[in-house]
Amino acid sequence: MTSPATRQAALASLALAVAVPAAQAQVQAPVLNSVVVTATRTPQAARDVVSDTLTIDADEIARSGAGSITEVLQRQRGIEITRNGGSATNSNVYLRGANSNQVIVLLDGVRIASATSGAAAWNAIPLGAVERIEVVYGPLSTIYGADAIGGVIQIFTKKGQGPLALDAAILAGSYGTRAARAGVSGQAGAFSYALNAGKERADGFSSTLPGLSSYNKDDDGYERKHANGQLAWQVAPGHELTALLMHIDQESDFDSGATVRAWNTQKLDTVALSSRNRLSSAWQMTTQASQARDKSGSFAASASQIDTKQTMYSWQNDIALGPDTLQLLAEYRKEEVEANTAALEHERSTKSLGASYNMKRGDHLLAAAVRNDDSSQYGSKNTGSLGYGYRLSPALRLNASYGSSFRAPTFNELYYPGYGLESNRPEQGRNREIGIRFEQNGTMLGATAYRNKLTDLLLNTTPCPKPGFKNGCAHNVAHATLEGITLSARQQLGSAFTLEASADLQNPRDDSTGKQLQRRAKRHGNVALEYTAGSLRGGAEWQVSGYRFDDAANRNRLGGYGLLNLYAAWYFAPSWSATVRWNNVADKQYEVARLYGTAGSSVYAGLRYGYK
């Protein structure tokens, strides 16, 4: 690591984690029963996963009273959020300093991202449709292909099981926010089902601040409707067919000057059909066909419409070799763009072959993977990864890994008039990391140190190396380093209190200029204290971030901030619960994007039936 502060923090955390077991040797081993899917594309016990992972379950989401996915993610280690205004405006999720288009987002195994921007529409995904979220940190191109430089975030929706169950919720709060949703799930013989629908709207606040050329003091609200579902049929023991669907329709206001009404429309549609077949006691085969559409319109003084479509087919084989698993994978993905900007109307296809091996030998864990992605646009790319874990004791484990990754240039970076160059190449990453984790009887301590070297970074370059681009162009000119250490801790304090904290000490920099990468802080963290007493749960969160810069040249500095949030949940009757959340208690005025508004002190209350 190049940062002395980072090195000192790493040594202090590792020393602390190693010291704890000696002080608690008489305490029994931790209970690690959670299952992680995203790290290896197949269910795996969390204690056997070499990658650095995080799971946000339905219970945590429900009791937090959060109103959006980005609000939930912002509370997690290694994650930063920026928005150009309110919750329905353009949002970015940075994972260990990696940009939004360097992170793959999956919805029940299906990629969701715009082919033109390369990023998922975080501002449009409704939290009411989410059952749980898994985050895998570090490069996963060997498992998922292009764009997994910083990691993968997978959103899971509810699956049907058990008898008929109803689930409904309403929410109201500041800025004219109101939302309602309802769902039904269950199982009848060989069929299972889970269907959910909802509607949200808010009056919002001004997305821009005085000083920005597009400033308009009016409120910028939104309206969102969504419906999603999963249907499954167990054709025979070990053989299941599943259908997935998600539809989101959102309209949101933004600012484009004092006299012009401006709004965006976004329609997201995801469908998938999959078949899971147990061909033998050692062989599980999964095939899937899916399609994700992102239709985005922008209307102000002029209109823009961009529709992107991803069609994907995958064939996955998981073969058990004793305690080990060999996975063989073949995929095909086609990306297409239709737009009123004719130059963007292109398509490309990618054929992929991959293999991975996960081994368990006593206290030793090994994960190895290789993959080839052959694109009609950027050619052939090979990636590989190797991870090793060792249990020093049942409660303490060391991990180390190396992995290569890449990000394909977006259609904007290739074809947008006056900006894109067809000759642009993929960005490439090389990541090394080491981590330690201790978990035992209400105590968890963890530290991960990483260094991800990026080459051929695509940035807006002025002057452009090719003539005819008066405002610069996207070009492979930069080298960057994403390095740092993530510290995390959780402690049960008696029977009533739980204290949880995380800190990220990072140095995301452009090696070509020595500047700090845009809108990423060198220091950020979270502290949360939760109290439980019978049917009542309450908590306080403190979110802190150091200064950032709004531009690549580091001329426009955005000050650091600290936000205090309070929340409470009351389970007052069987299947009934009420929540209240007070965000930004101190009414802190801050910016995560220069001259774009953020919410002040705001309160939200909800009522839910069907929570278990």
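So in this note's numbering, the last one in the sequence shown is 597, and the numbering has no gaps at all. Even for Gly, the Cβ is constructed at its ideal location relative to N, Cα and C. Quantities reported herein were computed from a predicted structural model and do not represent experimental measurements.
Grouping DSSP H, G and I as helix and E and B as strand, with all else coil, what is residue i?
i	result
Asp132	coil
Glu330	coil
Gln139	strand
Asp204	coil
Gln615	Because residue 615 is not part of the residues shown, which for the chain are -14 to 597, the question remains open.
Gly547	strand
Ser199	coil
Leu89	The sequence as given places Ile at residue 89; Leu does not occur at that position. DSSP places Ile89 in strand when its eight states are reduced to three.
Gly339	strand
Asn541	coil
Val245	coil
Ser49	helix
Gly531	coil
Leu194	coil
Tyr24	Residue 24 is actually Ala in this sequence, not Tyr. Note: Ala24 maps to coil in three-state DSSP.
Ala584	coil
Ala8	Note that Ala8 scores a pLDDT of 35, beneath 50, so its modelled location is shaky; the value from the coordinates is reported in the next line. Residue state, collapsed to three classes: helix.
Asp44	helix
Asn461	strand
Asn108	helix
Ser126	helix
Asp358	strand
Gly523	strand
Asp238	strand
Ala518	strand
Just checking my contact of residue i with residue j at CB under 8 Å: how many whole Å lie between their CB atoms?
i	j	result
Gly123	Asp37	6 Å
Ile46	Leu58	Their Cβ separation, rounded to whole angstroms, is 11 Å, which puts Ile46 and Leu58 out of contact at 8 Å.
Gln528	Gly547	7 Å
Glu225	Arg166	Rounded, the Cβ-Cβ distance is 27 Å, inconsistent with contact.
Thr142	Asn213	5 Å
Val322	Thr293	5 Å
Arg475	Met429	4 Å
Gly168	Asp188	Contact flag wrong, Cβ pair sits at about 26 Å.
Ala551	Ala590	The displayed chain sequence assigns Leu, not Ala, to residue 551. Contact flag wrong, Cβ pair sits at about 12 Å.
Gln301	Ser281	About 31 Å; that fails the 8 Å criterion.
Ala465	Leu442	5 Å
Ala150	Ser177	The Cβ separation is near 11 Å, so there is no contact.
Leu514	Leu484	5 Å
By the DSSP assignment, the beta strand (DSSP E) with residue i in it spans what residues?
i	result
Ser370	Gly364 to Ser378
Asn568	Trp561 to Asn568
Val35	Looking at the DSSP string, Val35 is not in any beta strand (DSSP E), and its letter there is neither H nor E.
Glu116	Counting along the chain, Glu116 falls outside any beta strand (DSSP E), and DSSP gives it neither H nor E.
Ile97	Note, Ile97: premise wrong, no beta strand (DSSP E); not H, not E.
Gln61	Unbroken run through Gln61: none, as it is neither H nor E.
Ala153	Ala150 to Gly158
Thr447	Where Thr447 is concerned, there is no enclosing beta strand (DSSP E), given that its DSSP letter is neither H nor E.
Leu80	Ser76 to Leu80
Taking the alpha helix (DSSP H) that residue i falls in, what are its first and last residues?
i	result
Ser487	Per DSSP, Ser487 belongs to no alpha helix (DSSP H); it is in the beta strand (DSSP E), Phe482 to Asp495.
Glu576	Taken as a continuous stretch (DSSP letters only), Glu576 belongs to no alpha helix (DSSP H), as it is neither H nor E.
Val57	Ile54 to Leu58
Shortest alpha-carbon distance to residue i belongs to which of the options?
i	options	result
Phe239	Tyr200, Leu229, Ile233 and Ala217	Tyr200
Glu418	Ala434, Tyr404 and Asn426	Ala434
Gly582	Asn108, Ala305 and Asp204	Asp204
Ser370	Thr27, Arg318, Gly158 and Thr127	Thr127
Ser19	Asp33, Arg26 and His460	Asp33
Ala599	Glu515, Leu230 and Ser191	Given a span of -14 to 597 for the chain in the structure shown, any question on residue 599 remains unanswerable.
Arg408	Glu398, Gly414 and Arg415	As written in the sequence, residue 408 is Ser, which differs from the Arg given in the question. If we check each option's Cα against that of Ser408, Glu398 comes out closest.
Gln172	Pro148, Ala154 and Leu194	Pro148
Val90	Arg62, Arg48, Asn69 and Gly135	Gly135
Gly531	His509, Ala518, Asn437 and Ala286	His509
Asp496	Ser487, Val588 and Thr440	Thr440
Compute every distance between the C-beta of residue i and the non-hydrogen atoms of the ligand PLP, then say whether any falls below 7 Å.
i	result
Thr55	Among the components modelled here there is no ligand, and therefore nothing to report on the ligand PLP.
* Length at least 3, wholly inside the segment 255 to 336: the beta strand (DSSP E) runs in chain order -> Counting only runs of 3 or more, we get 268 to 284, 288 to 306 and 309 to 324.
Point to revise | Length at least 4, wholly inside the segment 382 to 431: the alpha helix (DSSP H) runs in chain order | key: DSSP runs (the alpha helix (DSSP H)) wholly in the segment 382 to 431: 396 to 400.
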